[in-house]
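By the count of the numbering used here, the sequence shown reaches residue 655 at its end, each step adding exactly one.
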Amino acid sequence: MKLDAVVVGAGFAGIYMLHRLREAGLSVRLIEAGADVGGAWYWNRYPGLRCDVPSLDYQYRFSEELHNGWRWPERYSEGPVIQRYLSYVADRLGLREHIQFETRVEAAAWDEAAHRWSVKTDRGETLSARYLLPAVGPLTVVNMPAIPGLEDFAGRIHHTARWGDKGADFTGRDVAVIGTGSSGVQCIPVIAKTAKCLTVYQRTPAYSLPVTNPALSDADIEAARLRFAEDGQERLASWGGMTLPHPPGATFDFSPEEREAEFERRWGMGGFAFLASFTDLMVNPDANAEAANFVRRKIREKVNDPAAAAILTSQDFPLGAKRPCLDTGYYETFNEPHVSLVDVRANPIERFTREGIVAGGVERRFDDVVLATGFDAMTGALLKLNVTGRNGVALGDVWVDGPRTYLSAAVAGFPNMFILAGPASPSIMSNAPAAAEQQVDWVINCITHMETNGVAAIEAEEAAQDEWTQHVEQVAQHTLYPRANSWIMGANIPGKPRLYMAYLGGLNAYRDRCTGVAAAGYKGFRFEQAAPGEGQSLEFGAA
Ligand code: NA7
């Protein structure tokens, strides 16, 4: 089948990309492995799942009509609500007929002579498209821990990122949860409500910030409607794609009492406001330690058992260097008599048995094990597409030492491929819908430029790619973010190259950079003109 474009993945970026390509008059098909839209919000359905960005920020802004046609119920949305929102968007924009569900891309190869991508699916089809737009998400490929004997366990195994839509009833059951990142921290208090016994295996303690989640009133919704245009501008001009209360200044410009008061005020606000308490928390280790000590003190106040509190406050990395969790009642859960905590650093998990788990020489028996063990993040899903570019070179070979891109979207040797929400973009460190809109808008402008100027292929220049890759690395090295073994560093997957894989300059700086590149005639890109008769979809010279 011959198309103009193939988009892969029906999350925020993929859905908006499909819409903009359709609007531009191109023939497009979106390939999605799930049975519905949603991306991460389709696959992750564990109990307690909520977004850590407020609902009124975590949505599209490109259409006021779309915005006003949807009502968010709570300050922070549950996962299924966000999935329903994306479903609403797909229906309102008439996108479903262009999405092929329950289909995986198995390989994509660049055909140099035809200036086309040949995309093979697991349904035996081959699609031919001029543009390939992977929007496969940074948190897609599940990290199954390599613990011996996992397959021998006779009870039920669940992974938070592949929960399925039937849920799981833990009533009266002995349950283990392995992992205390965001997924573990969110599901643990909910599972504890019905389980007979819950044992939490913690390897690295999270820093979790408390969050309150009131229902949004009609007045809140109306105020957001009135601020529609203003909020849209503000979020693109911000570092993180959302507005957080401004920090008053640097940590040590204030007395200990003033610092304490500011931390306390932000703690009370809930959510990520705490991370913006002062300007230097993520660049000055001493400033960060002040904030981290405040959080540890708060944790100790919540947890009755000093031994459990010590395990929960044994963080050995800067606050914020791993994305902090937001929780409601996580630490308090460890005060329940039927909940226990195992420190996996002191008692490594050795193996599964038929009945349970052996850690530190002690076997505990379980009916259910919940793996909240995260993802092969950032590059995992992209590499699974088996993309080969010019001269049959595989993306996996080019990225053997880590991802190299130009502006995150393009890779030298892979013409007409635009990666969305990929490595070296600000997306994972910012409000995902805001980052997706900015990037998709830039890509559609670039494609329109190509279509109207007779360009058959665009490709990043090596030198521009080197410069951008170095810039991403340099910005990260000025911060404390690389000082944690996080999934953004690739540190959670044995053998994966370790480097900071997100752009920390901010969405605002990234947008300025992308806009500047376009204004300079797509500086750093090489164009190949179309041969006579090689069809463009838009009329030449229209722009
Ligand atoms: P994360 O944040 O990667 O958390 C995974 C957790 O699982 C983390 O505590 C890991 O410990 C732990 N883990 C992984 N493998 C093992 C083994 N083998 N043994 C013990 N513990 C293990 O994934 P999440 O799904 O919670 O969250 C990902 C993002 O989604 C989150 O940051 C939000 O942005 C949304 P480790 O830290 O590696 O020592």
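All C-beta atoms, glycine included, are put in the ideal place defined by N, C-alpha and C.
Nearest-angstrom Cα separation, counted from residue j out to residue i
| i | j | result |
| --- | --- | --- |
| Pro-609 | Gly-514 | 6 Å |
| Asn-325 | Gly-382 | 9 Å |
| Val-474 | Asp-330 | 54 Å |
| Asp-264 | Glu-467 | 9 Å |
| Gly-276 | Ala-147 | 11 Å |
| Trp-379 | Ala-388 | 11 Å |
| Ser-176 | Asp-343 | The question names Ser, yet the displayed sequence has Glu at residue 176. Between Glu-176 and Asp-343, the C-alpha separation is close to 12 Å. |
| Pro-430 | Glu-346 | 29 Å |
| Ala-422 | Cys-309 | 21 Å |
| Val-302 | Phe-213 | 31 Å |
| Asp-286 | His-450 | 10 Å |
| Lys-114 | Ala-304 | 52 Å |
| Ala-336 | Ala-125 | 23 Å |
| Ser-189 | Gln-641 | 47 Å |
| Val-297 | Cys-437 | 7 Å |
| Met-129 | Asn-565 | 21 Å |
| Arg-132 | Ala-362 | 42 Å |
| Ala-643 | Arg-228 | 13 Å |
| Glu-370 | Thr-465 | 53 Å |
| Leu-497 | Phe-340 | 37 Å |
| Gln-586 | Ile-469 | 42 Å |
| Leu-205 | Ile-211 | 12 Å |
| Ala-136 | Arg-408 | 52 Å |
| Ala-621 | Asp-281 | 46 Å |
| Gly-636 | Asp-578 | 10 Å |
| Ile-556 | Ala-533 | 15 Å |
| Thr-306 | Ser-452 | 15 Å |
| Asp-365 | Ala-614 | 30 Å |
Residue from the options whose Cα sits closest to the Cα of residue i
| i | options | result |
| --- | --- | --- |
| Lys-434 | Leu-321, Thr-465, Thr-491 | Leu-321 |
| Gln-427 | Gly-441, Gly-279, Ile-411 | Ile-411 |
| Asp-164 | Gly-137, Ser-520, Phe-386, Ser-367 | Phe-386 |
| Glu-224 | Tyr-622, Met-529, Gly-291 | Met-529 |
| Ala-572 | Thr-311, Ile-461, Pro-527 | Pro-527 |
| Ser-664 | Thr-465, Trp-153, Val-552 | The shown model of the chain, from 113 to 655, leaves out residue 664, and the question about it has no answer. |
| Phe-446 | Gln-314, Ile-540, Val-231 | Gln-314 |
| Val-505 | Trp-222, Thr-233, Ala-125, Ser-189 | Trp-222 |
| Gly-432 | Ala-399, Arg-339, Glu-462 | Ala-399 |
| Ser-294 | Thr-564, Gly-618, Ser-598, Asn-620 | Ser-598 |
| Thr-517 | Ser-167, Leu-356, Ala-575 | Ala-575 |
| Gly-267 | Met-354, Arg-476, Pro-368 | Arg-476 |
| Ser-240 | Glu-144, Pro-538, Val-119 | Val-119 |
| Val-584 | Leu-348, Ala-596, Ile-600 | Ile-600 |
| Ile-269 | Glu-372, Tyr-158, Ile-333 | Tyr-158 |
| Pro-246 | Ala-548, Thr-272, Arg-173, Ser-199 | Ala-548 |
| Pro-545 | Val-201, Glu-402, Glu-218 | Val-201 |
| Thr-311 | Ala-420, Ala-568, Asp-365, Ala-489 | Ala-420 |
| Gly-236 | Glu-218, Gly-525, Pro-360 | Glu-218 |
| Val-481 | Ile-259, Ala-117, Ala-220, Asp-509 | Ile-259 |
Buried versus exposed call for residue i [16 or more other C-beta atoms within 10 Å across all chains shown]
| i | result |
| --- | --- |
| Asp-169 | buried |
| Asp-455 | buried |
| Met-82 | Outside the displayed span of the chain (113 to 655) sits residue 82, for which this structure offers no information. |
| Asp-234 | exposed |
| Glu-376 | exposed |
| Leu-338 | exposed |
| Thr-283 | exposed |
| Ser-539 | buried |
| Pro-368 | exposed |
| Asn-503 | exposed |
| Asp-203 | exposed |
| Pro-418 | exposed |
| His-590 | exposed |
| Gly-628 | exposed |
| Arg-141 | buried |
Whole-number beta carbon distance between residue j and residue i, since they are thought to touch under 8 Å
| i | j | result |
| --- | --- | --- |
| Thr-252 | Gly-472 | Actually they do not touch by this definition, with Cβ atoms about 33 Å apart. |
| Gly-150 | Ala-122 | 7 Å |
| Gly-353 | Ser-542 | 4 Å |
| Pro-397 | Leu-592 | 6 Å |
| Pro-185 | Thr-485 | About 30 Å; that fails the 8 Å criterion. |
| Trp-351 | Leu-138 | Between Leu-138 and Trp-351 the Cβ distance is about 33 Å, and since that is not below 8 Å, they are no contact. |
| Thr-215 | Glu-144 | 7 Å |
Residue i CB to nearest heavy atom of the ligand NAD below 7 Å
| i | result |
| --- | --- |
| Val-499 | Ligands displayed in this structure: the ligand NA7; the ligand NAD is not among them. |
Whole runs of the alpha helix (DSSP H) within the stretch 125–210, excluding any shorter than 4 residues
152–155, 176–180, 191–204
At what residue ranges does the stretch 335–364 contain a whole run of the alpha helix (DSSP H), taking only runs of 4 or more?
340–348
Any chance you could list the beta strand (DSSP E) runs of at least 3 consecutive residues sitting entirely within the stretch 519–596, in chain order?
567–572
Which runs of the alpha helix (DSSP H) at least 4 residues long sit entirely within the stretch 451–518? Give them in chain order.
492–495, 507–510
Any beta strand (DSSP E) of 3 or more consecutive residues that is wholly inside the stretch 211–238:
217–223, 228–233
Runs of alpha helix (DSSP H) lying entirely within the stretch 610–636, each at least 4 residues, in chain order:
619–631
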